[in-house]
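**Student:**
Protein chains: 2
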Amino acid sequence: MSDRRTQILDAAATLISERGFTSTSVDDVIKGAKLSGKSHFYHYFKSKEELGYEVLNRQFERFAERGLAILREPMIDPLERLNLFIDAVVALQSESGGRRGSPFGNLAAELADAHEGFRVRIEAVFERWASQIRSLLWEARPQLHDDVDAVRLSRFIIAALEGAVLMTRVKRDLSVLEGIAADLKRFIAMHVRDGAAMQLPRHFE
Amino acid sequence: MSDRRTQILDAAATLISERGFTSTSVDDVIKGAKLSGKSHFYHYFKSKEELGYEVLNRQFERFAERGLAILREPMIDPLERLNLFIDAVVALQSESGGRRGSPFGNLAAELADAHEGFRVRIEAVFERWASQIRSLLWEARPQLHDDVDAVRLSRFIIAALEGAVLMTRVKRDLSVLEGIAADLKRFIAMHVRDGAAMQLPRHFE
DNA sequence: GGATATTAGGACCGTACGGTCCAATATGCA
DNA sequence: TGCATATTGGACCGTACGGTCCTAATATCC
Numbered sequence: 038m039s040d041r042r043t044q045i046l047d048a049a050a051t052l053i054s055e056r057g058f059t060s061t062s063v064d065d066v067i068k069g070a071k072l073s074g075k076s077h078f079y080h081y082f083k084s085k086e087e088l089g090y091e092v093l094n095r096q097f098e099r100f101a102e103r104g105l106a107i108l109r110e111p112m113i114d115p116l117e118r119l120n121l122f123i124d125a126v127v128a129l130q131s132e133s134g135g136r137r138g139s140p141f142g143n144l145a146a147e148l149a150d151a152h153e154g155f156r157v158r159i160e161a162v163f164e165r166w167a168s169q170i171r172s173l174l175w176e177a178r179p180q181l182h183d184d185v186d187a188v189r190l191s192r193f194i195i196a197a198l199e200g201a202v203l204m205t206r207v208k209r210d211l212s213v214l215e216g217i218a219a220d221l222k223r224f225i226a227m228h229v230r231d232g233a234a235m236q237l238p239r240h241f242e
Numbered sequence: 038m039s040d041r042r043t044q045i046l047d048a049a050a051t052l053i054s055e056r057g058f059t060s061t062s063v064d065d066v067i068k069g070a071k072l073s074g075k076s077h078f079y080h081y082f083k084s085k086e087e088l089g090y091e092v093l094n095r096q097f098e099r100f101a102e103r104g105l106a107i108l109r110e111p112m113i114d115p116l117e118r119l120n121l122f123i124d125a126v127v128a129l130q131s132e133s134g135g136r137r138g139s140p141f142g143n144l145a146a147e148l149a150d151a152h153e154g155f156r157v158r159i160e161a162v163f164e165r166w167a168s169q170i171r172s173l174l175w176e177a178r179p180q181l182h183d184d185v186d187a188v189r190l191s192r193f194i195i196a197a198l199e200g201a202v203l204m205t206r207v208k209r210d211l212s213v214l215e216g217i218a219a220d221l222k223r224f225i226a227m228h229v230r231d232g233a234a235m236q237l238p239r240h241f242e
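Just so you know, the protein sequences line up as chains A and B, in that order. Just so you know, we're using the working numbering here: the first sequence kicks off at 38 and counts up by one. Just so you know, we're using the working numbering here: the second sequence kicks off at 38 and counts up by one.
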C-alpha cells in the first residue's frame, strides 16, 4: 500500500472522527493530507464513499490491535482480560482528551438510518466486536452462572461502553466514562459464580 | 404559538430524526411542512440553527411527557417506576420500528464535537433527565444499599439506554434493546437491599 | 376603514460540494 | 531508453445549500 494512500486515510480518519463523515469534505481531506488537488485524491480513491469505507475498516483494525487484542491474551484469566479491555477503552478515549468518541458509534449515529452501505459495515464491526466478547465469555463459563446469556451480555457491554463514550463527549468529562466503566465491571462480576473469584488464582495453591 | 410554526417544527423533527441535522436542508423542511417558499419559512425562524434548537426542546418536552413523567408517578413504588420507565423507552423506540433512535443521542453524536451551541443544549437535556432519575433514587433510598451513588447510577442508566438504542438502530433489531433493558433492570435490582419491601422480578427469559 | 400579520411566489447571491477532465511534469523500474 | 505510474495545478460542471430581497395577494383584528 502506497504511502500517499495511508497518508490520505490517516488525515480522513482524523477529520471524520472530529466532524463526522458528511461534514468532512474531500477538499478538507486534500488539505489535511497535503495533496496538490482533487485529481490527486481521485487517483487513489474512486469516491468519497469508498474512502469512508476504508477509513472505517482501518479504524476497526486499529481498535482490534489496541483494544480487542487484550480479550485474547492467553496468559491472563478471561474475566480479568475483560476488565483490562474496559480499562483500555477508557484509556483510548482519554487519549483524545475525551473529546473524540468511538469512531463506530459516531458513524453509526450519523449514518445508520441514512446510508445502508455504512449501516451494514458498522453492523459487521459491532458483530466482530461482540463475537470476541462472546468467545471470551465461553472461555470463562466455568466461572459464570449457568444462566448467563453470552449474546445478551456481550451486547450489553458494548452498548454501555458506546453510550458512555457518547455521554462523555457531551459532558466533556472523562470521569463519566470512568464511572460507567467501573459500574460495568460490577455488572459483569454479578454473573460470576460465588466462590469462583477464589478459584481464580489457582497457581497459589 | 401559531399552527404553522408547530407544523414546521413537526416536519423538521421527523426529518432531523431520520437524516440528522446537517443532512436536513431548509428546503426539505419547507417541502415537508408544505410551505410556499423560503421567505415563508424565514418568517417564522431566523435561521436553521434556531429551528434545530427549538426542535430539540420540543423533543425533550415530548420525552418528558411520555417518558420521564412515569418517574414521578406518586402512587407507584419508585423502583417499579424506574422499571416502567425503561419499558417506556423500549415502547417509544418500537413505535418507529426500531429505526429512529433517541433524538438526543443522534444529535449528540452528530454535533457534540462540531457545534458548541448544540452540545451545551444536549448536555442540559441529559442533565435534566439524569436529575429526574437521581431524585427517584433519593426517594427510593430506604430500599437501596447505603453505598449507592445516585449520580453514577443515573448516568449508567442513561448511557446503557442510549447505547442500546444506537445498537438497535444499527442492527435493525428491536430485541437488542429489549435484552439490554432487561439486563439494566437486573443491574438496578443489584442495588436493592436484601429483603427490601419491593421485590423486583428477575427476568431470565 | 386601516394597520398588521400571514401566505404566496420567485429571483437572486455567494459559497460549498462531489466529481470530471486535461495537460504537464516527475519518478521509478525493466 | 522507454513505459507506467505518480504528482502537480487548475479549469470546469451541475447541484445544493443557507439566506436575502422584493412584490403582492389575503386574512385578521382594532
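Heads up, the beta-carbon is just placed ideally off N, CA and C, and yes, glycines get one too.
#1: Quick one: what's got a C-beta closer than 8 Å to B/R103's C-beta in the same chain, skipping five residues either side?
#2: Is A/G69 closer than 7 Å to A/K48 when the C-beta atoms are compared?
#3: Under the rule that 16 or more other beta-carbon atoms within 10 Å means buried, what is B/M112, buried or exposed?
#4: Exposed or buried, what is B/P115 when buried is set at 16 or more other beta-carbons lying within 10 Å of its beta-carbon?
#5: Considering only C-alpha positions, which residue in the set B/S60, B/T51, B/A101 and B/M204 is nearest to B/E164?
#6: Could you tell me whether the Cβ atoms of A/H182 and A/H152 are closer together than 7 Å?
#7: Using a cut-off of 8 Å between C-beta atoms, extract the partners of B/L203 located in chain A.
#8: For B/L221, does the three-state DSSP call read helix, strand or coil?
#9: Using only CA atoms, which one of A/D65, A/A219, A/K71 and A/T51 lies nearest to A/D40?
#10: Since B/A201 and A/A196 should fall inside the 8 Å C-beta cutoff, what is the C-beta to C-beta distance between them, to a whole number of angstroms?
#11: Would B/L148 and B/F141 be called neighbours here (beta carbons separated by less than 7 Å)?
#12: Cβ of A/R192 less than 7 Å from any chain B Cβ?
#13: Tell me the rounded alpha-carbon separation between A/A226 and A/F122.
#14: On the DSSP letters alone, give me the boundaries of the alpha helix (DSSP H) that A/G154 sits inside.
#15: For a quick check, are the C-beta atoms of A/S191 and A/A218 less than 7 Å apart?
#16: Using Cβ-Cβ distances below 7 Å, what residues of the segment 211-224 of chain B are close to chain A?
#17: Where does A/S54 land, buried or exposed, given buried means 16+ other C-beta within 10 angstroms?
#18: If you run the structure through DSSP and keep just helix, strand and coil, what is A/V92?
#19: Over the uninterrupted alpha helix (DSSP H) stretch that includes A/K75, give me the two end residues.
#20: Counting only beta-carbon separations shorter than 7 Å, does B/E55 have a partner in chain A?
#21: If you draw a straight line from the alpha carbon of A/V207 to that of B/Q180, how long is it in whole angstroms?
#22: Applying the criterion that 16 or more other CB atoms from any shown protein chain within 10 Å of the CB defines a buried residue, is B/D184 buried or exposed?
#23: Who are the near neighbours of B/Y90 in its chain, counting only those whose CB is closer than 8 Å to its CB and skipping five residues on each side?
#24: Give me the Cβ distance between A/D65 and A/L52, rounded to the nearest whole Å; I'm assuming they're in contact under 8 Å.
#25: Does B/L105 come out as helix, strand or coil in the three-state DSSP assignment?
#26: Identify whether B/L129 lies in helix, strand or coil by the three-state DSSP scheme.
#27: In three-state terms, what does DSSP make of B/Q236?
#28: Assign A/G134 to one of two classes, buried (16 or more other C-beta atoms within 10 Å of its C-beta) or exposed (fewer than that).
#29: Can you confirm whether B/I107, when its beta carbon is compared against all beta carbons of chain A, has any partner nearer than 7 Å?
#30: Relative to the C-alpha of B/I212, which candidate in B/Q44, B/L105, B/S76 and B/V127 has its C-alpha closest?
#31: If you measure from the beta carbon of A/E91 to each beta carbon in chain B, is any gap under 7 Å?
#32: Alpha carbons only, please: which of B/E98, B/R230, B/S76 and B/N143 is nearest the one belonging to B/A177?
#33: Quick one, which residues of the segment 56-84 of chain B are near chain A if we go by CB-CB under 7 Å, in chain order?
#34: What does the Cβ neighbour count give for B/R99, buried or exposed, with the cut at 16 atoms within 10 Å?
#35: With 16 as the cutoff for other CB atoms within 10 Å, does B/E199 come out buried or exposed?
**Tutor:** Taking the geometry as given:
#1: Excluding positions up to five away in sequence, the list reads A125 and L129.
#2: One detail in the question is off: residue 48 of chain A reads as Ala in this sequence, not Lys. It is a contact, given that the beta carbons lie within the stated cut-off.
#3: Classification of B/M112: exposed, given that the 10 Å Cβ count is below 16.
#4: Buried: at least 16 other Cβ atoms inside 10 Å.
#5: When each option's Cα is compared against that of B/E164, the closest is B/A101.
#6: Not a contact, by the Cβ cut-off of 7 Å.
#7: Here the neighbours are G142, A145, A146, A149, A196, E199, G200 and L203.
#8: Three-state DSSP puts B/L221 in a helix.
#9: A check of alpha carbon separations from A/D40 across A/D65, A/A219, A/K71 and A/T51 identifies A/K71 as the nearest.
#10: Your pair B/A201 and A/A196 checks out as a contact, with CB atoms roughly 5 Å apart and the cut at 8 Å.
#11: At least 7 Å separates the beta-carbon of B/L148 from that of B/F141.
#12: It does: the Cβ of A/R192 has a partner Cβ on chain B nearer than 7 Å.
#13: Using only the alpha carbons, I get a separation of about 14 Å.
#14: Residues E153 to E176.
#15: No.
#16: In summary, the residues of the segment 211-224 of chain B whose CB is separated from some CB of chain A by less than 7 Å are V213, G216, I217, D220 and F224, in the order they occur in the chain.
#17: Around the beta carbon of A/S54, 16 or more other beta carbons lie within 10 angstroms, which makes this residue buried.
#18: Secondary structure of A/V92 (DSSP, three-state): helix.
#19: From DSSP, the alpha helix (DSSP H) with A/K75 extends over K75 to Y81.
#20: Flagged as an interface residue toward chain A: B/E55, by a C-beta distance shorter than 7 Å.
#21: Approximately 32 Å between the Cα atoms of the pair.
#22: It counts as exposed.
#23: Closer than 8 Å at the Cβ level, and outside the excluded window around B/Y90, lie G154, F155 and R158.
#24: Going by Cβ atoms, the distance from A/D65 to A/L52 rounds to 6 Å, so yes, they are a contact pair.
#25: DSSP places B/L105 in helix when its eight states are reduced to three.
#26: Helix.
#27: In this prediction, B/Q236 scores a pLDDT of 49, lower than 50, which makes its location untrustworthy; the coordinate-derived value is nonetheless stated afterwards. Reduced to three states, the DSSP call for B/Q236 is coil.
#28: Around the C-beta of A/G134, fewer than 16 other C-beta atoms lie within 10 Å, and the residue is accordingly described as exposed.
#29: Output row for B/I107: interface = no.
#30: A small correction: the amino acid at residue 212 of chain B is Ser; Ile does not occupy that position in the sequence shown. Cα-wise, what sits closest to B/S212 is B/V127.
#31: It does not; no Cβ of chain B falls within 7 Å.
#32: Here the closest residue by C-alpha is B/R230.
#33: With the criterion set as a beta carbon lying under 7 Å from some beta carbon of chain A, the members of the segment 56-84 of chain B are R56, G57, T59 and S60, in sequence order.
#34: Answer is exposed; the Cβ neighbour count stays below 16.
#35: With a threshold of 16 other beta carbon atoms within 10 Å, B/E199 meets it and is buried.
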